[in-house]
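Have a look at the structure below, then the notes.
Chains as they are written, first to last, in the working numbering: chain A, 2 to 328; chain B, 2 to 328.
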């Protein structure tokens, strides 16, 4: 099967399995938000990574699908609760649950959704349950840690690069990594193989998040899918801003301090000015370099697997395709 | 060992095990609230029921302690999130997490706490993990359902007795029941025994919650531990109010409708008037009768166990002691 038709087949299976998840009817305001969030769509990246990784070692797709669903449901739960905390209004062009219903419904249906993730996971083969549960729970807690750091950074101006990288590793990368590792574990891969896949996920996740930062400033609305400059407007401590604050000198330093202290009604000038400082301080190139480094590390881990190049192609292609929005 | 020294021994072991739970240090605002909530104290009823039930069949206390901790941590997580939703300010005379920190910290540390509960549970013996996890997750989701119904009842005036009993069963009774059942399962008891213990927990939980309703109106501050009349002031759809709304006639019906439509600054007169209607409509006696019925059903299930009266004494005593605050 070509990589392309493999994706399409898995994508269809994932969507079908997601819509087949049995949810109770009552109380409506507990279960309808879960269905609503799961039907919002998305790339289904985590279940896809889990199934592709499982496929590397010819694992049973049906068994891996339980873990794949658990990962996707957990991911969507974090979006639901993050949107409350971040006071977001829309997600994928639809109202967030706390807007469409109310914050209490969003808190509680999120709680039930997290439980549902564990319930789905409990269906993996019994002899793998303990190891999957441990990995899943540890990762889930790390994702919470990442969100906490992310919130704390909003009110800090002294965030270091190391702190930032730790935050995006926890908030984004570990769940991708765990998805890959779990697929491998369920297929019976050994520890070394599973860990290479984990590391592939970590570096792919870091590259992806760094690219998100870069695109917010230098992308186009088509490639990014969101309005450009959102992070600049909100003074988000991204890789770009952290380094610009560190590197900017003289007038650039003064200007940057000014721009992050103001919230103009029309943000066009602020976005342009901050982007120009990003370019002059070289953080634009620095960020692209860091993305490239992480992609190389990711691919190194894929090539370290005891598998043929042909076999790892679908995962390699998926990683590359994920990073193809940089123009 | 006497029942009394058995409790004390388990109580000490539970407190020690709770304080021995390994939590990360960082980020502080994620983990400190969890420690804070666990150190607030409480009856530790759920772990106690789990250990006592495990003891009935001479199960290994160390193995059951993992489940006992999971149950207590989950219960405390529900209090944490319920307090946000209910806009409560204090819990056990201390500031709630969303007051002491902020609502976002309360949401997120609650999420991490729920994950922690599953992590603790994952330490039960491997051959029992699947059955414990299924029971735990199903019960956890039911508790969410109970909280959702409870919130919905606030804005409804047509709640039926059946709906009310379903709500308190889900919100309170099922977790007590699951605690007992899990202890028995871990000790290797058969399904029939485990189910009798589950039913003991259901009826004990219903009796306990109904008594809570009754004490709110007819208890003393000493026996109840909270100010009297809180439910009356907030027009909470308790067993008493539901039946009073159904049974009250003529002037009582008129008066009750009036009182639940007003929010006087000094609630003394409202509390006295509503209590008098409760007495005249006979719902005071009705409630006490329902408590007695449930306690009898609870004890029937204990006596149905294939165990000597001596062996079930600690659980029987604990149930009776729990209900001894009715004066």
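All C-beta atoms, glycine included, are put in the ideal place defined by N, C-alpha and C. Every value quoted in this text rests on a predicted model; they were computed, and no experiment measured them.
Below the 8 Å Cβ cutoff, chain B contributes no neighbours of residue 158/A, its closest Cβ being approximately 18 Å away.
Around the CB of residue 47/B, 16 or more other CB atoms lie within 10 Å, so the residue is classed as buried.
Beta-bridge partners of residue 92/A (DSSP): 95/A. By the rule that beta-carbons nearer than 9 Å mark a contact, residue 22/A does not touch chain B.
Distance from the CA of residue 32/A to the CA of residue 178/A, rounded to the nearest whole angstrom, comes to 29 Å.
According to the DSSP assignment, residue 201/B belongs to the alpha helix (DSSP H) that extends over 192-219. Those residues of the region 55-84 of chain A placed with their C-beta closer than 7 Å to a C-beta in chain B are 82, ordered along the chain.
Within the region 83-109 of chain B, the residues whose Cβ lies closer than 7 Å to some Cβ of chain A are 85, 86, 105, 108, 109, listed in chain order.
In this structure, the alpha-carbon of residue 69/A lies about 42 Å from that of residue 282/A. Under the DSSP assignment, residue 102/A falls outside any alpha helix (DSSP H); it carries neither an H nor an E label.
Inter-residue distance for residue 71/B and residue 217/A is about 42 Å (C-alpha atoms, whole angstroms). Per DSSP, residue 228/B is not a residue of any alpha helix (DSSP H), being assigned neither H nor E. In this structure, residue 284/B places its C-beta atom within 9 Å of the C-beta atom of residue 245/B. Counting only runs of at least 4 residues, the region 22-69 of chain A fully encloses the following alpha helix (DSSP H) elements, listed from N- to C-terminal order: 29-39, 46-57. Residue burial is scored here from C-beta neighbours: residue 309/B has fewer than 16 other C-beta atoms within 10 angstroms and is therefore classed as exposed. Residue 157/A and residue 109/B have their C-alpha atoms roughly 19 Å apart. By the neighbour-count criterion, in which 16 or more other beta carbons inside 10 Å mark a residue as buried, residue 233/A falls on the buried side. Remark: fewer than three beta-carbon pairs, one from each stretch, lie closer than 8 Å, so the region 84-99 of chain A and the region 122-139 of chain B are not flagged as touching. A distance below 6 Å between beta-carbons, with the five flanking residues on each side excluded, links residue 15/A to the following residues of its chain, in chain order: 45, 48. Contacts between residue 155/A and chain B, judged by CB atoms closer than 8 Å, are missing: the closest CB pair is about 10 Å apart.
Identification of chain B residues near residue 28/A by a Cβ-Cβ cut-off of 7 Å yields 146, 149, 150, 153, ordered along the chain. If you compare the alpha carbons of 192/A, 313/A, 173/A with that of residue 214/A, the shortest gap goes to 173/A. Within 7 Å of the CB of residue 135/A, the CB atoms of chain B belong to 123, in sequence order along the chain. Proximity of residue 51/A to chain B, defined by a Cβ-Cβ separation below 9 Å, is not satisfied. About 19 Å separates the beta carbons of residue 188/A and residue 73/A, which is beyond the 8 Å limit, so they are not a contact pair. Chain-order list of chain B residues neighbouring residue 115/A: 112, 115, 116, by C-beta distance under 8 Å. By the 16-neighbour rule on beta-carbons within 10 angstroms, residue 28/B is buried. Sequence-distant Cβ neighbours of residue 195/B in its own chain, meaning closer than 7 Å and more than five residues away, are 182, 185, 186. Interface annotation, residue 142/A: in contact with chain B, CB-CB separation under 9 Å.
What residue 138/B touches in chain A, judged by beta-carbon distance under 7 Å, is 116, 119, 120, 123, going in chain order.
Counting only residues of its own chain and dropping the five nearest sequence neighbours on each side, residue 298/A has a CB closer than 8 Å to the CB of 200, 204.
For residue 313/A, the enclosing alpha helix (DSSP H) covers residues 310-323. Taking 9 Å as the CB threshold, residue 176/A stays off the interface with chain B. Within 9 Å of the CB of residue 303/B, no CB atom of chain A is found; the nearest one sits about 30 Å away. Proximity to residue 12/A across 43/A, 30/A, 252/A peaks at 43/A, based on C-alpha coordinates. By the neighbour-count criterion, in which 16 or more other beta carbons inside 10 Å mark a residue as buried, residue 77/B falls on the buried side.
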